[in-house]
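Participant: Sending over a structure as structure tokens; questions will come in a sec.
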């Protein structure tokens, strides 16, 4: 909490830094041995737990606890991956790719990997589209250590193994992700000929400020995925904003 609310922002790890080691030693001041920069202190900032983050979704969903696919029982257990089957003919699979052991790149735990395999297997004849923050370009987290707070060790799974699993299911047609801050579309081809589209979309904070519309068109013979980038309509200059308001 002191780091979150204080006047120094850590901008890089010290040499040989082990984030899990800091959590185990309960000595976060070792973070300040690396590069820092001054920022304005703010007592209103604080660390938000995974359970608190998931609970925020539950306040904006149906009374039964459905919110963006997050279920109340799963949220209480800190599980942030889920499926959405409400759109006829589709299964949307949302992954939690944050590595609790540290570093910015992604990975998924063995339990989530097993869950993903089961959700792909029981998708039936529905098209499957995955959504996550990290995609295959960034499921490369170098920290293989499990969540330091987990009661039992859990293996972390990276891009190659996840992609191999997806290629075993021909109804997987796309994976929509971010993290790289790039608008990039990559065709992923498996050893047996199965293909799906890896669709990365930049953040709205990037320039140019763009969003992406993803449309799936099935004419009974060919499935087409149409991608449209939408530019922000706001004026570029601050003076223009002031005049407009």
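In our numbering, the protein residues as written are 60 to 304. From the three backbone atoms N, C-alpha and C, an ideal C-beta is built for every residue, glycine too.
1) List in chain order: all unbroken beta strand (DSSP E) runs of 3+ residues lying wholly within the stretch 156-224.
2) Classify residue 304 as helix, strand or coil using the three-state DSSP reduction.
3) Which first and last residues belong to the beta strand (DSSP E) in which residue 140 is found?
4) Whose C-beta lies closer than 7 Å to the C-beta of residue 288 among residues of the same chain, with five residues either side of it excluded?
5) Taking just the CA atoms, how far does residue 149 sit from residue 186?
6) Less than 8 Å between the C-beta atoms of residue 113 and residue 176, yes or no?
7) What separation, rounded to the nearest whole angstrom, lies between the Cα atoms of residue 273 and residue 256?
8) Going by alpha carbons, who is nearest to residue 147 out of 228, 188 and 204?
9) Hey, is residue 252's beta-carbon within less than 8 Å of any beta-carbon in chain B?
10) Does DSSP put residue 128 in a helix, in a strand, or in coil?
11) Rounded to the nearest angstrom, what separates residue 285 and residue 291 at their Cα positions?
12) Could you spell out where the beta strand (DSSP E) holding residue 287 opens and where it closes?
13) Can the beta-carbon of residue 239 be found less than 8 Å from the beta-carbon of residue 196?
14) What are the partner residues of residue 248, as DSSP defines its beta bridges?
15) Under 6 Å Cβ to Cβ from residue 179, same chain only, skipping five residues before and after it: list those, please.
16) Tell me whether residue 91 is buried or exposed, calling it buried when 16 or more other Cβ atoms sit within 10 Å of its Cβ.
17) Spell out the partners DSSP gives residue 67 in its beta bridges.
18) With distances taken Cα to Cα, identify the nearest neighbour of residue 173 among 145, 140, 296 and 277.
19) Suppose you measure from the CA of residue 267 to the CA of residue 68; what does that come to, to the nearest Å?
Facilitator: Short version:
1) 186-190
2) Caution is warranted here: a pLDDT of 46 is assigned to residue 304, below 50, making its placement in the model unreliable, and the coordinate value is therefore given only provisionally. Here residue 304 sits in coil by DSSP.
3) Counting along the chain, residue 140 sits inside no beta strand (DSSP E), nor does DSSP assign it H or E at all.
4) Apart from the 5 residues on each side of it in sequence, residue 288 sits with its Cβ closer than 7 Å to the Cβ of 242, 269 and 271 in its chain, given in chain order.
5) 5 Å
6) Contact flag unset, no.
7) 11 Å
8) 188
9) The chain inventory of the structure shown lacks chain B, comprising one protein chain alone.
10) coil
11) A direct Cα-to-Cα measurement between residue 285 and residue 291 gives close to 19 Å.
12) DSSP places residue 287 in the uninterrupted beta strand (DSSP E) bounded by 282-290.
13) yes
14) 254
15) These residues qualify, in order along the chain: 228.
16) Result: exposed.
17) 97, per the DSSP bridge assignment.
18) 140
19) Roughly 27 Å separates the two Cα atoms.
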